[in-house]
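Notes follow once the structure below has been shown.
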Amino acid sequence: MSRSATSLVMVCLLPLVAVPASACSMAGCLDRGIEMRSDFAVEIRHTDKPLPGTTVEITGPQGTSGAKKFTVKTDKDGIARITDLAPGDYWLNAEYLNIGAAYHCFHVNERPSRKAKRNLAYDWGDLAPGTRRIAGKLVDSQLGKGGTPIWNLLHRVDVPIVAAKLTLQNATSRAVYNATSDANGAFAFDGIPNGTYVLHIGAGKVEPDHDYEASDHLVSLGSTAKRNSLLLKRQEVPSSRECACFVAGRKTTTERNFSRFPSKAI
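Per my numbering, the sequence shown starts with residue 90, numbered consecutively.
Below, the structure is given as structure tokens:
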């Protein structure tokens with residue numbers, strides 16, 4: 090596909106990790122979601138500790154002329170307080186460093202029932218895929234050439250993504266590290282402490298003529314992880330509305346798919 094704007098999206102490695110709402114926008118709202126009080130608190134934690142600075146975004150009331158979007162940041166205790174919501178239907182999206190902690194609908198009744206909640210609590214980043222070293226390769230999985238459409242699909246060719254700009258940010262200390270992929274698509278972040286990180290891949294182009302969007306991905310660095318490198322693979326999927334996930338398991342390399350639907354992360 091020529092000039093395709095393709096996101097770099099790392100998806101579904103081991104248990105499903107937190108992703109932003111935009112990653113799979115097929116989600117619907119069942120029975121108006123949970124019932125909340127007009128005033129409530131949202132608590133975000135990471136490794137069982139408060140996570141200050143998380144953005145909690147509320148959108149609504151849905152279907153009204155007064156619908157709006159506003160954001161609240163979690164405080165030093167990891168809590169964001171939502172106040173004075175009018176009755177109606179809403180969406181909540183909680184993100185930290187562009188990686189989602191929660192995304193769901195809820196509603197506020199004019200007269201709250203006993204089931205209406207005053208508090209919500211979420212963990213961020215605790216299921217991040219693990220590796221002993223944040224290093225590996227960026228490749229573009231392109232269709233084969235010269236055969237039938239099915240043959241080309243089954244005989245894909247991995248093309249290195251060269252000169253991609255990568256930024257790694259520690260989720261706790263906010264320390265930032267930078268790297269650029271080389272002629273083989275290889276990159277490495279060495280000499281950094283263990284912890285949870287967000288890997289940002291800047292937008293760019295891969296030959297012959299494919300664009301890809303910037304994206305953010307969660308990864309955990311630790312000496313006890315089973316894998317010691319990352320193979321980050323960009324690959325278009327048949328439909329932009331699909332949110333399919335897969336893992337190609339290896340003993341030493343974590344392979345993650347870059348698919349076509351827009352995302353800030355997986």
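Just so you know, even glycine gets a beta-carbon here, dropped at the ideal spot from N, CA and C.
Note that the structure is predicted; figures quoted are calculated from it, not measured.
### Task
Determine which residues share a DSSP beta bridge with Gly293 and list them.
Tyr301
### Query
Quick one, are the C-beta atoms of Gln231 and Arg245 less than 8 angstroms apart?
Yes, the pair counts as a contact, with Cβ atoms nearer than the cut-off.
### Proximity test, Cβ basis, 8 angstroms: Asp178 and chain C
The structure shown has no chain C; it contains just one protein chain.
### Query
Starting from Trp180 and walking both ways along the beta strand (DSSP E), at which residues does that stretch end?
Gly177 to Tyr185
### Query
On the premise that Thr153 lies in contact with Tyr179, defined as a C-beta separation below 8 angstroms, what is that separation, rounded to the nearest angstrom?
The pair is not a contact, with the Cβ atoms about 11 angstroms apart (cut-off 8 angstroms).
### Task
Give me the Cα-Cα distance between Leu257 and Pro201, rounded to the nearest whole angstrom.
44 angstroms
#### Entry: Ile239 - containing alpha helix (DSSP H), residue span
Pro238 to Leu243
### Query
Straight-line CA distance for Gly293 to Ala253?
Distance between the alpha carbons of Gly293 and Ala253: 7 angstroms.
### Message
Run through the DSSP bridge pairs and tell me what Ser230 is partnered with.
### Response
Asp247
### Task
Go through its chain and collect everything with a Cβ distance to Val295's Cβ below 6 angstroms, but skip five positions before and after it.
Asp229 and Ile250
### Task
Have a look at the DSSP bridge pairing and note the partners of Asp212.
Arg134
### Message
Does Arg203 come out as helix, strand or coil in the three-state DSSP assignment?
### Response
The answer is coil: DSSP assigns Arg203 none of H, G, I, E or B.
### Task
Go ahead and pull the three-state DSSP assignment for Asn283.
Coil at Asn283, not helix or strand.
### N- and C-terminal bounds of the beta strand (DSSP E) containing His270
A small correction: the amino acid at residue 270 is Ser; His does not occupy that position in the sequence shown. No beta strand (DSSP E) contains Ser270, which DSSP labels as neither H nor E.
### Query
For Asn182 versus Gly189, is the C-beta distance shorter than 8 angstroms?
yes
### Task
Please report the residue range of the beta strand (DSSP E) in which Ser318 lies.
Looking at the DSSP string, the run of the beta strand (DSSP E) that includes Ser318 is Ser318 to Arg323.
### Query
Between which two residues does the beta strand (DSSP E) containing Gln258 stretch?
Element bounds for Gln258: Lys254 to Asn259.
### Message
I'd like to confirm the pairing. Which residues does DSSP put opposite Gly311 in its beta bridges?
### Response
None, per the DSSP bridge assignment.
### Message
Measuring only the C-alpha atoms, how far is Trp240 from Lys234?
### Response
8 angstroms
### Query
At what residues does the beta strand (DSSP E) containing Gly189 begin and finish?
Here the beta strand (DSSP E) through Gly189 covers Ile188 to Val197.
### Message
Nearest by alpha-carbon distance to Gly177: which of Ile133, Ile290, Gly122 and Asn208 is it?
### Response
Gly122
### Task
Could you pull out every residue in the same chain whose Cβ sits closer than 7 angstroms to the Cβ of Ser312, ignoring the five residues on either side in sequence?
The residues are Arg221 and Asn283.
### Query
Which word fits Gly214, buried or exposed, when buried means at least 16 other C-beta atoms lie within 10 angstroms of its C-beta?
So Gly214 ends up on the buried side.
#### Entry: Identified DSSP bridge partners for Lys157
Gly149
### Query
For Lys226, does the count of other Cβ atoms within 10 angstroms reach 16, so buried, or fall short, so exposed?
buried
### Message
Which same chain residues end up closer than 6 angstroms to Asp166 when comparing Cβ atoms and leaving out the 5 residues on each side of it in sequence?
### Response
Pro139
### Task
Give me the Cα-Cα distance between Pro238 and Cys118, rounded to the nearest whole angstrom.
38 angstroms
### Task
Less than 8 angstroms between the CB atoms is what I'm expecting for Tyr211 and Ile133, so what's the real figure, rounded?
6 angstroms
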